[in-house]
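Residue numbers (the numbering used here): 18 to 314. The beta-carbon is built from N, C-alpha and C at its ideal position, and this holds for glycine as well.
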Ligand code: GDP
Ligand code: FO1
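Structure representation (C-alpha cells):
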C-alpha cells in the first residue's frame, strides 16, 4: 500500500495501519515542503513525524518530536540569546544532526531518510516526495514568510492572502516515489492538510498523470465539518475553495473513493465512517475500516 502523508493526520492513521499490515506492505511518501534549517541542522518535520510514529517514538500529544524528549540544548541556546524558532528536543536534534551530516556530504534526502529509518529500526519504506528543495511560503498582510514563521512564530494568526511553493515547478519526484507509483495499483491519500501537505506531493511533475491510472482512495482531514487541528481551513479559503469536504475533494482532484467523517455534510459520492483518531484504538478502527473498504471495493 502506498500512502501519501503530512505530519499529523496521516501519522495517526499509520499508527493503526502498522499494526495490521506487514512493513513490506506499507510504504509512505511524505511532504517535504515544510522543511527548514534550524541552528545549522536540516529539519524535515513531516518525515520525522512519520518515522517516529513507525518507530513508536512519536510524542502523541503534539504529533511532532520524540516522546519524553528534553530540550536542554534548546533552553541553553535561548539562555545564550539565540532565537531558535522551533523548540527542538535533544534526541530530535540528534536525528537532525545525523541527517545534516549526510546532506553536507552530498547524500540525497531520500538516502538520509533510509539511513535514519534503519537507525531507528523502521522497516516500512519512507520516501520524501522529492530530493529537491521546495518551500511553503505564506503571503500575509504582514508580508511574505516561510510556513514555519507563519505557523510556529506567529501561531497562524496573520490573515492569509496566498500560499506559494517555491521550487515546486522545477522539483522532481524522488526515484523511490516513482518506483512506488509504478508498482502500486492503489494510492491512499491520508487525512492530511490538502493545501500544505498533500498539495505539494500531487503537484510534482507527472504525479497527477500517474494517479489517473490508479485507484485513489482519500480520507478527509475534516471531522464534524472542520479540521481537527492546524491551519487547513484558513489556507483553503486563501486558495479559493470552501473549507469543508467539498473543498478537500476539489483540491485533491481525481478520487475514486472518498472517505469522510460520519457526521460530514458532504453531498457528493463518498463513504462515511468515524475518522477521529484520538487514541491508538481509534487509529486501529479507522485503519481497519480503510483496509476493509479497499478489499471490498
Ligand atoms: P501537518 O504536516 O502537521 O500539517 O500534518 P498533516 O497535514 O498530516 O495533518 C493535518 C491535518 O490532519 C489537519 O487538517 C487535521 O484536520 C487532520 N487530522 C488530525 N487529526 C485527525 C484525525 O484524527 N482524523 C482525521 N480525519 N483528520 C485528522
Ligand atoms: N510546532 C510548533 O508549533 N512549535 C514548535 O516549537 C515546533 C517544533 C518542532 C520541532 C521539530 C519538528 O519536527 C516539528 C516541530 N513543530 C513545532 C511542528 C511543525 O513545525 C509543524 O507542526 C508542522 O510543520 C506543521 O505541519
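Contact test: residue i Cβ vs the ligand GDP heavy atom, cutoff 7 Å
| i | result |
| --- | --- |
| residue 296 | no |
| residue 107 | no |
| residue 213 | yes |
| residue 180 | no |
| residue 136 | no |
| residue 27 | yes |
| residue 247 | yes |
| residue 130 | no |
| residue 238 | yes |
| residue 15 | With the chain running from 18 to 314 in the structure shown, residue 15 is simply not present. |
| residue 153 | no |
Integer-rounded CB distance, given that residue j should sit under 8 Å from residue i
| i | j | result |
| --- | --- | --- |
| residue 185 | residue 145 | With a Cβ gap of about 14 Å, residue 185 and residue 145 do not count as contacting. |
| residue 18 | residue 201 | 7 Å |
| residue 208 | residue 43 | Rounded, the Cβ-Cβ distance is 16 Å, inconsistent with contact. |
| residue 278 | residue 237 | 7 Å |
| residue 116 | residue 133 | 6 Å |
| residue 307 | residue 258 | Actually they do not touch by this definition, with Cβ atoms about 24 Å apart. |
CB contact check: residue i to chain C, cutoff 8 Å
| i | result |
| --- | --- |
| residue 283 | The question asks about chain C, but that chain is absent: this structure has only one protein chain. |
Residues that DSSP places opposite residue i in a beta bridge
| i | result |
| --- | --- |
| residue 190 | 147 |
| residue 54 | 59 |
| residue 136 | Partner(s): none; residue 136 has no beta bridge. |
| residue 205 | 20 and 234 |
| residue 182 | 153 |
| residue 142 | 44 |
| residue 315 | Because the chain in this structure spans residues 18 to 314, residue 315 falls outside the shown range and cannot be described. |
| residue 75 | 83 |
| residue 160 | 157 |
Check: residue i C-beta below 7 Å from any heavy atom of the ligand FO1
| i | result |
| --- | --- |
| residue 71 | no |
| residue 274 | no |
| residue 103 | yes |
| residue 306 | no |
| residue 169 | yes |
| residue 51 | yes |
| residue 190 | no |
| residue 81 | yes |
| residue 16 | The shown model of the chain, from 18 to 314, leaves out residue 16, and the question about it has no answer. |
(message) As an exercise, report each continuous alpha helix (DSSP H) stretch of at least 4 residues that is fully enclosed by the segment 78-119, in chain order.
(response) 89-96
(request) Run through the segment 249-302 for me and flag every whole alpha helix (DSSP H) of 4 or more residues, listed as ranges in chain order. (result) 249-255 and 262-269
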